[in-house]
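K.L.:
Numbering (the numbering used here), first residue to last: 23 to 381. Just dropping this structure here.
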Ligand SMILES: *Cc1c(COP(=O)(O)O)cnc(C)c1O
């Protein structure tokens, strides 16, 4: 069976060496040495100021909203993984959608301006499939209207924009290190910020709001990453170059073979380094998608309808927030299998099957 992705697992002996260390130390969680080491290595890898590891990307989002004091309304995109929106609603923040650009799949800055009111406190854009948003325009809107920006950069490990890590943008960028992402810590995520004060707060927030033995100045939560997860991250970080290289090669084959017959995501021209972690294709309608999906499934290949459904159709969103562009893309998009270890012969079967079905 071939799924849309396959969790990368590092050399078992190397992982065991870390496990031995954890057993020797007897320290399994609560800001252990491996979590600290991974934070340090990620700061160097991304060339950013602060990386604060947490238990998952969803908690990274929720901690970001709390630190920045977002309480009422935030503008976000309807085309994302559900956690972008559910994390807002779970914190009693009302999401107002701005519809997407149907070519880039990212939030459209013009549509942000259309739904702005003086009650809006923040913008939560997503760099969908690692494709950078129109950062300059979003920064301009946020500065003019005194809004916080929290980028959901869950898909952006290794992505650079104008020669710098994309995680440098916004008040806070968050990233997910879930097992399905290109770099992972089994479960995990991080907040990234240039602001040391925000970084300190994030460290307290992930540990119940505790500052030190005598002070609990914040209403925090438990979002700690443990040592076994950090060990996984440390192992995979050693292998990341070959993982990225492999994805790039497969991605380019897909593009060469399918780029002329299916619509692909339009990438931001300021993208200076991409991670090639997803290969989304857009069909002309949902029937064509289903036809291709069925043919692939019959060959034991299971691409994913990513992202479906469009988030404006969630039961906890008012029905008057209807986003036609997001719904249209959502109904027609499929992410093809792309991961380390996907063989050329499987790739060939996938491409041949798709070509045959859409002819
Ligand atoms: C994976 C993902 C998340 C959630 O991250 P978890 O680590 O699974 O909690 C949030 N937003 C987007 C866009 C994602 O793809």
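Even glycine gets a Cβ: it sits at the ideal position worked out from N, Cα and C.
#1: Would you identify the three-state DSSP class for residue 26, choosing helix, strand or coil?
#2: Can you give the Cα-Cα distance for residue 311 and residue 108, rounded to whole angstroms?
#3: Throw me the rounded Cβ distance for the residue 353 and residue 288 pair, which I believe falls under 8 Å.
#4: Which whole-angstrom value describes the C-beta separation of residue 351 and residue 101, a residue pair presumed to lie in contact below a C-beta threshold of 8 Å?
#5: Along the chain, where does the beta strand (DSSP E) containing residue 119 start, and where does it finish?
#6: Out of 194, 364, 174, 250, state which residue places its alpha-carbon closest to the alpha-carbon of residue 267.
#7: Determine whether the beta carbon atoms of residue 273 and residue 301 lie at a separation below 7 Å.
#8: Excluding five sequence neighbours on each side, which residues of the same chain lie with their C-beta closer than 7 Å to the C-beta of residue 141?
#9: Going by the C-beta, is residue 105 closer than 6 Å to any heavy atom of ligand 1?
#10: To which residues of the same chain is residue 196 closer than 8 Å at the C-beta, ignoring the five residues directly before and after it?
#11: On a Cα-Cα basis, can you pick out the residue from 75, 40, 62 that is closest to residue 247?
#12: Would you give the residue range spanned by the beta strand (DSSP E) that residue 215 belongs to?
#13: Hey, how far is the Cα of residue 47 from the Cα of residue 378?
#14: Relative to the C-alpha of residue 297, which candidate in 183, 330, 327 has its C-alpha closest?
#15: From the DSSP secondary-structure annotation, give me the bridge partner or partners of residue 187.
#16: Run the proximity test for residue 206: is its beta-carbon closer than 6 Å to any non-hydrogen atom belonging to ligand 1?
#17: Mapping the DSSP letters down to three states, classify residue 72 as helix, strand or coil.
#18: Can we count residue 79 as close to ligand 1, meaning its CB is less than 6 Å from some heavy atom?
#19: Is the beta carbon of residue 280 less than 7 Å from the beta carbon of residue 122?
P.N.:
Looking at the atomic coordinates:
#1: Sequence index remark: in the chain shown, residue 26 carries index 4 (1-based). Coil.
#2: Taking the first residue of the chain shown as 1, we reach residue 311 at position 289. Taking the first residue of the chain shown as 1, we reach residue 108 at position 86. If I take the Cα positions, the gap works out to 27 Å.
#3: Position 331 of the chain shown, counted from the first residue, corresponds to residue 353. Position 266 of the chain shown, counted from the first residue, corresponds to residue 288. Not a contact, Cβ separation roughly 19 Å.
#4: Numbered from 1 along the chain shown, position 329 holds the residue referred to as residue 351. Numbered from 1 along the chain shown, position 79 holds the residue referred to as residue 101. About 6 Å separates the CB atoms of residue 351 and residue 101; that is less than 8 Å, so the two are in contact.
#5: Position 97 of the chain shown, counted from the first residue, corresponds to residue 119. Per DSSP, the continuous beta strand (DSSP E) segment holding residue 119 begins and ends at 116-119.
#6: Numbered from 1 along the chain shown, position 245 holds the residue referred to as residue 267. Considering only alpha carbons, the answer is 364.
#7: Reading the chain shown from its first residue, position 251 is the one you call residue 273. Reading the chain shown from its first residue, position 279 is the one you call residue 301. Taking 7 Å as the cut-off, the beta carbon of residue 273 is found closer than this to the beta carbon of residue 301.
#8: As a working note, residue 141 is residue 119 in the chain shown. If we look at residue 141 and ignore the five residues flanking it on each side, its Cβ neighbours are 94, 95.
#9: In the chain shown, residue 105 corresponds to position 83, counting from 1. Yes, Cβ of residue 105 sits closer than 6 Å to a heavy atom of ligand 1.
#10: Numbered from 1 along the chain shown, position 174 holds the residue referred to as residue 196. The residues are 79, 82, 83, 86, 172, 173, 174, 175, 176, 211, 212, 213, 214.
#11: Residue 247 sits at position 225 when you count from the first residue of the chain shown. Residue 75 is the option with its Cα nearest to residue 247.
#12: Along the chain shown, read from residue 1 onward, the residue named residue 215 stands at position 193. In the DSSP assignment, residue 215 falls within the unbroken beta strand (DSSP E) covering 211-215.
#13: Along the chain shown, one-based indexing puts residue 47 at 25. Along the chain shown, one-based indexing puts residue 378 at 356. C-alpha separation (whole angstroms): 57 Å.
#14: Locating residue 297 in the chain shown gives position 275, where the first residue counts as 1. That would be 183, whose Cα lies nearest to the Cα of residue 297.
#15: Taking the first residue of the chain shown as 1, we reach residue 187 at position 165. Beta-bridge pairing links residue 187 to 182.
#16: Taking the first residue of the chain shown as 1, we reach residue 206 at position 184. In this structure, residue 206 has its beta carbon at no less than 6 Å from each heavy atom of ligand 1.
#17: Taking the chain shown and counting its residues from 1, the one referred to as residue 72 is at position 50. Looking at residue 72 - three-state DSSP - the assignment turns out to be strand.
#18: Mapped onto the chain shown, residue 79 falls at position 57. Yes - ligand 1 has a heavy atom lying nearer than 6 Å to the Cβ of residue 79.
#19: Within the chain shown, numbered from 1, the residue matching residue 280 stands at position 258. Within the chain shown, numbered from 1, the residue matching residue 122 stands at position 100. Taking 7 Å as the Cβ cut-off, residue 280 and residue 122 do not qualify as a contacting pair.
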